[in-house]
Amino acid sequence: MAIKKVPFSKEFIEKVIQTHPTPFHIYDEKAMLENAEKLKQAFSWNKGFKEFYAVKAAPNPYLIKVLKNKDFGADCSSLPEIILAQKSGIPGNEIMFTSNNTSLKEFELAKEVGAIINLDDLSHLYYIDKNVGLPDLICMRYNPGPLKEGNAIIGKPEEAKYGYTREQLFEGYRYAKQKGVKRFGLHTMVASNELSNDYFIETAEILFNLAIDISKETGVHFEFINLGGGIGIPYHPEQTAVDYDYISAGIKKLYEKIIIGKGHPELKLYLEAGRVITGPYGYLVSTVQHLKSTYKNYVGLDASMHNLMRPAMYGAYHHITVLGKEDMPNNKSYDVTGSLCENNDKFAIDRNLPAMEPGDIVVIHDAGAHGHSMGFNYNAKLRSAELLLRSDGSVKEIRRAETIDDYFATLNFEGLTQL
Ligand SMILES: *Cc1c(COP(=O)(O)O)cnc(C)c1O
């Protein structure tokens, strides 16, 4: 069971709203840091362990910086994400560049800044060799295909567009070694929002065995194995968070048995988790604008799915707290909606909540990953501000809300006169 509480009171948020009108995203720095520390500690047995925060979860430089202070690197998959990581203070060699269908410009910048290039395909290896030149450290992404079951968000590995087959990996490392590449990594990422602890241990086992097989056949030694991201979070109160210590202990056992046991030198373990790093620590705060009763009861918020599209896109559950009504019975059923002209613009359907009225402050939980970052401007909706609830209790605006001028910024109205 996950406990779904908010880290602030109604009075506190009412004060914040005086200077930062709803809707906004607010991130709980203290809880985020505690989680980061727990993850770090769990893997501290592995010398060189590093988490590369997958910035797409919440690409805000302040959050990246907060995590950098816990020695996290950044996992990036596009050119602007690399620049963002750099601007946030992450040195090039602590940027993992895990992209797919990658453009020349992206490879060029990744190499230029000294990022760890994690190749998605054998053809990219030849492409980068020919057009950019091989860096001295290369990582390759494995797709285990039918060997590993996928899950709902990422799908079956054999249907997934990512990664090399087993045979292609042997070919790839042989080629890279022959071309003078000196340092090697191996990666996979086959799950998304996975809550089974054993799933991650099994993935590590597959990678460890694969690393040994590749090493034996090609003579390559691995500097690191990147276990990817995909660690889930308990969106629903009935779900349970993963147990870092359990996962780490299971992986340690396999590391000793397979990596060390079969004569491979010590290697570093990397993770590139995103969701579990920021997801539970972000909240979308909004105000009830209207109530409506027709064939159902509706609560209309001042936030819409452009602020958090997971419920509309995946039918995802996000827990809802009505501030100041935490102890009231959830005895009224509502659809909680935004104001887009799309009927799937709902944060919850048939959700039992306390009776509401206009002006109530509604907090949507677990919006810290793929929340603001998946935002969009459909229906000319403007993206909200992001705030950081600092460990000392103060609130810092870490991204201002968009204005109408921002929305018009890519248009040239003067050009109209020529039509
Ligand atoms: C999205 C992504 C991650 C992070 O996944 P989470 O589910 O947020 O942990 C890591 N690596 C790659 C390549 C990704 O695309």
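According to this note's numbering, the sequence shown holds residues 35 to 453 in order.
Where is the CB? At the ideal position from N, CA and C, for every residue including glycine.
Distances between the C-beta of residue 109 and the heavy atoms of ligand 1 include at least one below 8 Å. Taking the Cβ of residue 344 as the reference point, every heavy atom of ligand 1 lies at 8 Å or farther away. Across the structure, residue 179 and residue 120 are spaced so that their CA atoms are roughly 34 Å apart. Judged by beta-carbon spacing, residue 310 lies beyond the 9 Å limit of residue 390, meaning their Cβ atoms are not closer than that value. Counting of Cβ neighbours within 10 angstroms places residue 233 among the buried residues, the total reaching 16 or more. Counting only unbroken stretches of 4 or more residues, the alpha helix (DSSP H) elements lying wholly within the stretch 389–446 are 438–442, in sequence order. In this structure, the beta-carbon distance from residue 252 to residue 211 falls below 9 Å. The residue among 80, 399, 421, 362 with its C-alpha nearest the C-alpha of residue 39 is 399. Setting aside the 5 residues that flank it on each side, residue 434 is surrounded in the same chain by 419, each with a C-beta closer than 6 Å to its C-beta; the list follows chain order. Around the beta carbon of residue 49, a 10 Å sphere encloses fewer than 16 other beta carbons of the protein chains shown; the residue is thus reported as exposed. In the structure shown, residue 355 falls within a strand segment according to DSSP collapsed to helix, strand and coil.
The continuous stretches of alpha helix (DSSP H) do not include residue 83, and DSSP gives it neither H nor E. Leaving aside the five residues that flank residue 93 on each side, the residues in its chain whose CB is nearer than 8 Å to its CB run, in chain order, 115, 118, 407.
Between the alpha carbons of residue 230 and residue 268 lies a gap of roughly 11 Å. Ranking 155, 361, 337, 127 by CA distance to the CA of residue 144 puts 127 first. Leaving aside the five residues that flank residue 196 on each side, the residues in its chain whose CB is nearer than 8 Å to its CB run, in chain order, 134, 154, 175, 177, 223.
Under the three-state reduction of DSSP, residue 248 is assigned to helix. Burial is judged here by how many other beta carbons sit within 10 angstroms of a residue's own beta carbon; residue 447 has fewer than 16 and is exposed. Counting every other CB atom within 10 Å of its CB across the protein chains shown gives residue 449 a total below 16, marking it as exposed.
Inside the stretch 62–122, DSSP marks whole alpha helix (DSSP H) runs of 4 or more residues at positions 63–76, 95–102, 113–121, from first to last along the chain. Assignment of residue 134 by DSSP, reduced to helix, strand and coil, places it in the coil class.
In this model, residue 387 and residue 421 are separated by some 26 Å (Cα to Cα). Looking at the DSSP output, residue 370 sits in a beta bridge with 333, 382.
Within the stretch 304–328, the complete beta strand (DSSP E) segments of 3 residues or longer fall at 316–327, listed in chain order.
Judged by DSSP secondary structure, residue 219 falls within the beta strand (DSSP E) whose first and last residues are 217–222.
Relative to ligand 1, residue 257 has its C-beta separated by 8 Å or more from all heavy atoms.
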